[in-house]
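All residue numbers for the sequence shown refer to this note's numbering, where the first residue is 14 and numbers rise by one. The next block holds one structure in the form of structure tokens; read it before the comments.
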Amino acid sequence: MTKDFDVILCGGGHVGSCLALALAQQNCKVAFIDSLAPTERKNNQNDNRIFALAAGSRKILESLNVWQLLQAHTTPIEHIHVSNKGSFGAARLHAKDFNHDALGYMTSSIALQHALNQAMEKVDITIFSPASLENFSIHNDHVDVTISGGKKLTGQWLIGADGVRSFVRQHAGINVTVKNYQQKALITLIDLENSHHFTAYERFVGESAIALLPHTPWQSVLIWSAETNFIDHLMSLDDKSFLSELQNAFGFRLGKFSSLTQRLSYPLTQTKADSIHAERILLVGSAAQTLHPIGAQGFNLALRNVALLDHLIKEARSRHETGFTQSMLDEYAQRQAVDTSKTLRFTDHLVNFSSLSDPLSTVARTILINALGSSFLAQKYLLQF
Ligand SMILES: Cc1cc2nc3c(=O)[nH]c(=O)nc-3n(C[C@H](O)[C@H](O)[C@H](O)COP(=O)(O)OP(=O)(O)OC[C@H]3O[C@@H](n4cnc5c(N)ncnc54)[C@H](O)[C@@H]3O)c2cc1C
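Structure below.
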């Protein structure tokens, strides 16, 4: 039977767009479906997420010709400073010690989506947007898909990059395991009195973790994660009381905090699909897993998955095999499971580390932070994520 497309990709968020670019570079015939129009994806006023991109993610975005469009909207992280309120000592990591220009980069979700949209305009992808995937059926050698307006498409493979409530995943009958941390993250931008000097601060305060990450020259992104009741309390404060509570917890390293943007809060859960593939179906990004943002790993992990898929397709092509085969997907699933488990464990350790509350545990936390400050090997381990 003739297939219209090699791959039908449902979901054009950050991950779906990156994968579409990688597949198009490999001359795969891709149908790209997203419920939102491109302008809606990049102008979403409710999306105040600022991402920390790992240095490795930069390389992947370069290979997808996205970094070149994004770079002007990024801020390098040249130093990382980790501390524990109420105890002496801190761990400091510097890009130059690792011969890197930066340990990572900050960018906004909106700027990233804009760069991805621009990169997609330059490649050969058939875009259905705004359009929603409404139904699909799996056959021996193809997938039939119905999108809005009753339009039918046929492809060899269907990829679900359609987010945490993935229709592809649900319709394929793949369950998810959800872990509720009973925590929330509060996110806002804070105006600074002193420059951040391209430093990302991570400060553990009682049972909460405060990340202040460089954004514009006089602004840092605050991600405060803690138990739900405490974040609800912080959300209920007026701006002045909130800034004073933040100042008390973080201290004056960045001077006096003068103002902030609107605060938004997100409940923190980890979701993991019981399987990331089924017959003729693959899940990527939040459709496959979501992580607690404390380690800033969700998109970085998904991007490494895109790079792995890209690599395996190239290898298959060099053996004169078609790009996508079931055995290639099995190998992908096996190799990405190793990375995913390691990243989930790392994120969980960070959450547990930030939730320590009794005095003995906070002493242990101080010792670990000091050990991190003096161990190059431990620092290298951290930077692989
Ligand atoms: C507060 C917060 C901070 C974060 N910070 C970081 C960070 O610093 N670093 C990092 O690496 N990660 C971070 N993440 C994680 C990151 O946001 C996600 O990993 C990433 O955005 C997931 O992208 P996605 O494309 O998989 O899903 P989504 O962005 O959810 O995209 C799904 C897309 O699918 C489309 N869609 C859904 N259903 C259908 C359908 N039926 N038909 C057609 N289209 C459909 C939607 O319109 C949407 O465009 C953070 C997350 C949060 C919540």
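Glycine included, every Cβ here is placed at the ideal spot set by N, Cα and C.
Test item: CB-CB of A315 and V28 under 8 Å
To locate residue 315, count along the sequence shown from 1; it is residue 302. To locate residue 28, count along the sequence shown from 1; it is residue 15. Their beta carbons are under 8 Å apart, which means A315 touches V28 by this criterion.
Flag A315 as yes when its Cβ comes closer than 7 Å to any non-hydrogen atom of ligand 1, and as no otherwise.
On the sequence shown, residue 315 is found 302 positions in, with the first residue counted as 1. Checking the Cβ of A315 against ligand 1 gives yes.
Bounding residues of the beta strand (DSSP E) (the contiguous stretch that carries L205)
Translated into positions along the sequence shown, residue 205 becomes position 192. L205 -> no beta strand (DSSP E), and no H or E assigned at all.
Can you tell me the Cα-Cα spacing of E328 and R178, whole angstroms?
Locating residue 328 in the sequence shown gives position 315, where the first residue counts as 1. Locating residue 178 in the sequence shown gives position 165, where the first residue counts as 1. Straight-line Cα distance between these residues: approximately 32 Å.
Local Cβ density within 10 Å of L210, reported as buried at 16 or more and exposed below that
Reading the sequence shown from its first residue, position 197 is the one you call residue 210. What sits at residue 210 in the sequence shown is His, not Leu. It counts as exposed.
In whole angstroms, what separates the C-alpha of K98 from that of T190?
Locating residue 98 in the sequence shown gives position 85, where the first residue counts as 1. Locating residue 190 in the sequence shown gives position 177, where the first residue counts as 1. Using only the alpha carbons, I get a separation of about 34 Å.
Where do the ends of the alpha helix (DSSP H) carrying C31 lie?
By one-based count along the sequence shown, residue 31 stands at place 18. Here the alpha helix (DSSP H) through C31 covers H27 to Q38.
Rank L304, Q347 and L295 by C-alpha distance to the C-alpha of Q196 and give the top, closest one.
The residue you call residue 196 lines up with position 183 of the sequence shown. It is L304.
Helix, strand or coil: which one does DSSP assign to W145?
Residue numbering aside, residue 145 sits at position 132 when the sequence shown is read from its first letter. The amino acid occupying residue 145 in the given sequence is Ser; Trp does not appear at that position. Of the three classes helix, strand and coil, the one that applies to S145 here is coil, per DSSP.
Enumerate in chain order the residues of its own chain whose CB-to-CB distance from A144 is below 6 Å, with the five nearest sequence positions on each side excluded.
Here residue 144 refers to the residue found at position 131 of the sequence shown. Here the set comprises I46, I160 and S161.
T241 lies in the beta strand (DSSP E); which residues open and close that run?
On the sequence shown, residue 241 is found 228 positions in, with the first residue counted as 1. Taken as a continuous stretch (DSSP letters only), T241 belongs to no beta strand (DSSP E), being part of the alpha helix (DSSP H) at T241 to S249.
Can R348 and L171 be called in contact, C-beta distance under 8 Å?
As a position in the sequence shown, residue 348 is number 335, starting the count at 1. As a position in the sequence shown, residue 171 is number 158, starting the count at 1. Taking 8 Å as the Cβ cut-off, R348 and L171 do not qualify as a contacting pair.
For N193, which residues from the same chain have a beta carbon less than 7 Å from its beta carbon, with the 5 sequence-adjacent residues on both sides left out?
Indexing the sequence shown from 1 puts residue 193 at position 180. T282.
Would DSSP call H113 helix, strand or coil?
Your numbering for residue 113 matches position 100 in the sequence shown. H113: coil per DSSP, three-state reduction.
Along the beta strand (DSSP E) that carries I294, what are the first and last residues, could you check?
Taking the first residue of the sequence shown as position 1, residue 294 is located at position 281. Per DSSP, I294 belongs to the beta strand (DSSP E) from I294 to L296.
Sort F270, Q232 and L277 by Cα distance to S249 and report the nearest one.
What you label residue 249 is simply residue 236 of the sequence shown in a count that begins at 1. Residue L277 is the option with its Cα nearest to S249.
Which ranges would you report for the beta strand (DSSP E) in the stretch 259-340 if only whole runs of at least 3 residues count?
277-286 and 294-296
Under a Cβ-count criterion, where at least 16 other Cβ atoms within 10 Å of its own Cβ denotes burial, should G26 be classed as buried or exposed?
Locating residue 26 in the sequence shown gives position 13, where the first residue counts as 1. Result: buried.
Taking only heavy atoms of ligand 1 into account, decide whether any of them is closer than 7 Å to the Cβ of I200.
What you label residue 200 is simply residue 187 of the sequence shown in a count that begins at 1. Yes, the beta carbon of I200 sits closer than 7 Å to at least one heavy atom of ligand 1.
Does the Cβ-Cβ distance between F263 and L166 come in under 8 Å?
In the sequence shown, counting from the first residue as 1, residue 263 sits at position 250. In the sequence shown, counting from the first residue as 1, residue 166 sits at position 153. No, they are not a contact pair.
Excluding the 5 residues flanking C41 on each side, which residues of the same chain have their C-beta closer than 7 Å to its C-beta?
The count along the sequence shown starts at 1 and reaches residue 41 at position 28. Within the same chain, C41 has close Cβ partners D19, V20 and G336.
Compute the minimum distance between the beta carbon of P306 and the heavy atoms of ligand 1, and state whether it is under 7 Å.
Residue mapping note: residue 306 aligns to position 293 of the sequence shown, counting from 1. Yes - ligand 1 has a heavy atom lying nearer than 7 Å to the Cβ of P306.
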